[in-house]
Every structure is written in C-alpha cells, then in structure tokens.
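A.B. asks: Under mature numbering (1 follows the signal peptide of the UniProt record, and there is no 0), the residues of the sequence shown are numbered -17 to -1, 1 to 491, in order. Every residue gets a Cβ at the ideal spot worked out from N, C-alpha and C, and that includes glycine. Okay, here's the structure, questions in a sec.
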Amino acid sequence: MRWHISILLYGAAQALAERFDERLELTALPDGKVLGHWTFTTTLQNAEPGLNHAQHYTLFPLGLGQILNAHGASELHLALNAGQWDYKLWGSPPEPSVASGAELWTWIRARNTTQADERWVGFRNALAGVFCASLGSLDNQRTTTPALSFRPSVPLPAGKHELRHATLPAEHVCTENLTPFIKLLPCKASAGLATLLNPHALFSAPFHGLSVHYTQGVLRLAVQAVFTPPRQDWSLHTLLDRSVPSACTVASSSTLSIVAAGAQLDPEPSTDVNGALQYDLASASFPLEVTIRHPVDTVFSHRRLTPAVSLRRTMTGSAQYAGGLLVQLENARNDTVRVSYLETLPWFVTLYLHTIDIRVDEDPRQRLDLLERLSYVPPRAPAPTTLEPILRLPPMSRVTMRFQLERAFLLYTQHPPDAQRGWDLPPAVVTILPPSSPPITSGPGGQVVFALQGPPERVYAKTLLADLATPDFSMPYNVIIMSSTLVALLFGNVFNLMTRAFVIVNAQ
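Right, dumping it as structure tokens:
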C-alpha cells in the first residue's frame, strides 16, 4: 500500500513541479535616491489550462490560481502605483507599468466576445476581492480592446483569446493592498526578502507600486519604490527600518543585489556580477544587515537622463466645451524609431480625427507620411474611444501631434462627486516597436496581433484632468434652505394664531 502512495506522490510531483525564486535589487540613482525592486517568481511546470492536476498547488497561491482558471485568463498584468515616475531623472523603470492608479489588462480565452465580456466582469470583481482594490469599477466606461498595443508577452495557448484593458487613475495604493499581496507568497512576510517590505517605509516613498504578472504558468509578483535615504551612507535598517531575519526555506534562489558605484559594503558580498554586488541568502549569516559606505564624499549630479523616447501631452484651450490635445514624442536615438501610441478618452470627450496635425521640430510642413498605420474606435456611450497610430520618429527629432476635441454636456446625474475637480483621463502609452515590420495576424473581432519578438518597452504619460461644464450644484441647496426658512416662518405664525386663545382682559 505504501509503494502505491509513493508512486502517486512521485507522479504528482513530476506532473506539476513548482519553483519559487525571490530577488531584491537596490540601485543608487543619480539624484541620491535609491530604487528598490522586489521580484517573487513562482513557476509551474507542465501546467496547462483545463487540466485537473494543474490546479493542485504547493507554492503557487491557490486563490489566484482558481480565479485564473475559472475565468480563462491566459495572461494577466495588474499594476497599482502612486506617485510620478521621472524618466529623465531615474531612467527606465524595472516594471514598465508606472501609470498612477490602477491598470489591468489580460488576455481571456473565450469562444466569442459575449463570453469574453462576461468573464472579464467576473475576473475583475474577483481580483478586486483578492487585492482589496476598486477593480470592480473598471466597467464598460473604462474598458477598451486596443488593436495594436499590449500584445501577448508569450505565445498564448490554443483557442480564441481577446484582450481587455482598463485603467483607474484615481485609485490609491495602500496597506490594504500590500497585506493580501504578501499573503500570496509562500513564506509571507515571516522570512526571506519579503520581510523588508515595511509599509511605513514603502508608502512614504515618492514613488511606489505593486504589480502582478502571470504568463503561462509563471507568476511574478513585483514591488518597486524610490526611497530617499536619510544620509549618503545608508543601510537596510536606515532605508527600510528592517533587516533580513532568516531565509525563506522553500525558495530555490534568494538574492540581494546592490548597485552603488564606488561604495563599500559590509559585510562583503558573495559575488560581483557586472558591478552588481550580490548576497546569496542561502549562505548568508542572519540577521542580515548590509551597510553601504562611500569612502569619498559624493556630490550627486542630478543629471537629466535622455530616454530613447520621451512622451509629453497636454490639453489646450481655455473653453470648457471645445479644446485640443497636444502630444509631443521625442526621439533621442540616431536612427528611426517605430512606436505605437495609445490614447484612451472617455465617451464624453470627442476627438476629431480629421483635424490631426503632425509636424517635426520647427518644420511647418504637414508630415502625415510618418503615419504608418492608424486604428480608431469612435466613442459609443458608455464605451470610451481609442486612438492607436503607428509612427516613425525621425532620428534626433521631436514629433508633435495636435487634435481638436470637444467635451459634451453631461446630465447632473452623470457627474461624479466633487465634479468641480474634473475627470481623470487615462495616461497615454507609447510602445517601442521593432525596426522591421513584424507579421500581423487578425485576432478575434478583427483586432490586430503582432508577432512576438521579446518584451516591448513602454513609456507612460502623466494623467490629465478634463474640465467639463458643470451645473450649479449649490442652487438646489439654496432653494431648499430658502423654502425651508419661508415655510418655518409661515408655519410659526399660522400655528401661533391657531393655538393661542384670545381673551378680553379687564384693564381695571
């Protein structure tokens, strides 16, 4: 009987092997700040959708695995960020999705669009419960299906798939999101590098974010934050107010990497890989407290970096009804760069496609020849509009796009609370494409899917506020107050006359 059980356990282990790896990279930035990047990767081998044995996990979080399987999510990307990432000061982020608020996009396996929409609704609501976030608010008013951006990171399994993408710029990341995030880890926050995730230090950082990525049996949980050390010489305790008490015993690899040019580390690191000083927690002494010292006083340069492609956009015009959208794309390379630009606008902001104006630097000529391809979905309330052009940016140039737009007048019941603040517009996204045109295939619903050629590089713009014409919400309150005052005065006099008894009193 025992050898039967041993055979079954051995077969189950061979059918679905699991591996957990964790890594923390601390990088000194040019302005003196420190970038912290945690990655926790859980790998499922031989995991295929629909197989029963693929749903029995040891290290993989069971709750998240059941949600992915129930709603047919073959690929998942979720990001919760707070703050603004400075590309020109900090360079490219380790996690590309740095838009403020919440961003969720996934490839859903479905027979048709109707089933994909149903699964999308259940999927986002389930994730909202897991991460304690307002992902249930990603309704049809915020959901899009981009045709050119957000292609699959890896080849998708057999079957039809559809893309769903949504953003919520007003979402805030806090401890309520970090707690369920840590619970997805095998060792939680009791051992390993996850013990350094101090909420007080993390959420005090100028920029911080959580992200969840799932692709074909690989779950990667990531945390990135930009910390401000109290002094030039810092340590894990002064930066994060914690040290590593012990290693995570189920981790196949656990690495602490520190990149600080010209600095001395105590204790001595295990290895030096291309300037990155690394500690292997499997052979480290605990508690692990690393101190970074600079033998020579360093004057931080605060130099401005030059990203390969930078993005800037703004809304023009002072009127609340009509205006414009100005987009500037700057190419700092010495060769032509192909990019796809994704603009998502709510249904009440109408963008006139015939007013597109493309110019290069100070050249007054119209340069529509730079437009390689264009995908446009007009607004149909409550669905938003999407604009996705593919542009060729000339070397060392600045390409400016201008559009005319108008804002609709909304009913007073359609305005959100604090309507005078305005509406948050989702950030624009630029994806750097390969130089050569990749093969293009038509996906479900006629959408275009690029061939896979490695992970793309994305650049996010800042969120914008759309100022709409709002009714005078104070007028109803003024009317109610005035009417109540008049009624009170009238009622008091009438009630006094009706209840008071008038008698004749002899003056003598």
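Going by DSSP, what residues sit across from Q387 in a beta bridge?
C.D. replies: G307, Y335
A.B. asks: Check each candidate in T25, I415, D344, I275 and name the one with the smallest Cα separation from F133.
C.D. replies: I415
A.B. asks: Taking DSSP as the reference, what is the three-state secondary structure of F210?
C.D. replies: strand
A.B. asks: How about the segment 176 to 184 and the segment 219 to 238: do they share at least three Cβ pairs that are nearer than 8 Å?
C.D. replies: yes
A.B. asks: Measure the CB-CB distance between E345 and S358 and report whether it falls below 7 Å.
C.D. replies: Annotated as distal: E345 and S358, with beta-carbon spacing of 7 Å or more.
A.B. asks: Name, in chain order, the residues that DSSP records as bridge partners for A366.
C.D. replies: R363
A.B. asks: To which residues of the same chain is A116 closer than 7 Å at the C-beta, ignoring the five residues directly before and after it?
C.D. replies: Within the same chain, A116 has close Cβ partners L63, A85, E154, N160.
A.B. asks: According to the neighbour-count rule (16 or more other Cβ atoms, all chains shown, within 10 Å of its Cβ), is P76 buried or exposed?
C.D. replies: So P76 ends up on the buried side.
A.B. asks: Beta-carbon separation of V292 and V442 under 7 Å?
C.D. replies: yes
A.B. asks: Measuring only the C-alpha atoms, how far is L469 from T297?
C.D. replies: 49 Å
A.B. asks: Measuring alpha carbon to alpha carbon, tell me which of R342, G200, V279 ends up nearest Q49.
C.D. replies: G200
A.B. asks: Going by DSSP in three states, I487 sits in which element: helix, strand or coil?
C.D. replies: coil
A.B. asks: Nearest by alpha-carbon distance to E389: which of G307, A484, T158 is it?
C.D. replies: Here the closest residue by C-alpha is G307.
A.B. asks: Can you list, in chain order, the residues of its chain whose CB lies under 7 Å from that of L472, leaving out five sequence neighbours each side?
C.D. replies: none
A.B. asks: Quick check: what's the CA-CA separation for Q349 versus R342?
C.D. replies: Roughly 6 Å between the two C-alpha positions.
A.B. asks: Output needed for Q215: all residues of its chain with C-beta closer than 8 Å, excluding positions within five of it in sequence on either side, in chain order.
C.D. replies: G15, H277, D280, T281
A.B. asks: Using the rule of at least 16 other Cβ atoms within 10 Å of the residue's Cβ for burial, across every protein chain shown, is F114 buried or exposed?
C.D. replies: buried
A.B. asks: Excluding five sequence neighbours on each side, which residues of the same chain lie with their C-beta closer than 6 Å to the C-beta of L325?
C.D. replies: For L325, where only same-chain residues beyond five positions count, the Cβ hits under 6 Å are P129, S132, E371, V412.
A.B. asks: Assuming contact is defined by CB atoms lying nearer than 7 Å, are V322 and A449 in contact in what I supplied?
C.D. replies: no
A.B. asks: If you run the structure through DSSP and keep just helix, strand and coil, what is F478?
C.D. replies: helix
A.B. asks: Leaving out the 5 sequence neighbours to the left and right, which residues in its chain are closer than 7 Å to S236 when beta-carbon positions are compared?
C.D. replies: D4
A.B. asks: Nearest to V209 by alpha carbon, out of H220, V195, H191?
C.D. replies: Of H220, V195, H191, the residue nearest in Cα terms is H191.
A.B. asks: Quick one: give me the first and last residue of the alpha helix (DSSP H) that D100 is part of.
C.D. replies: 96 to 114
A.B. asks: Straight-line CA distance for K445 to G258?
C.D. replies: 33 Å
A.B. asks: Output the boundary residues of the alpha helix (DSSP H) element that contains T396.
C.D. replies: First-last for T396: undefined, no H or E at that position.
A.B. asks: Report the option in F269, L264, A65, W406 whose CA atom is closest to the CA atom of A303.
C.D. replies: Reading the sequence as shown, one finds Gln at residue 303 and not Ala. Checking every option, the nearest Cα to that of Q303 belongs to W406.
A.B. asks: What first and last residue would you give for the alpha helix (DSSP H) that runs through G84?
C.D. replies: No alpha helix (DSSP H) contains G84, which is instead part of the beta strand (DSSP E) from 84 to 92.
A.B. asks: Closest to E101 by C-alpha separation, out of P250, A53, L408, C157, would be which residue?
C.D. replies: A53
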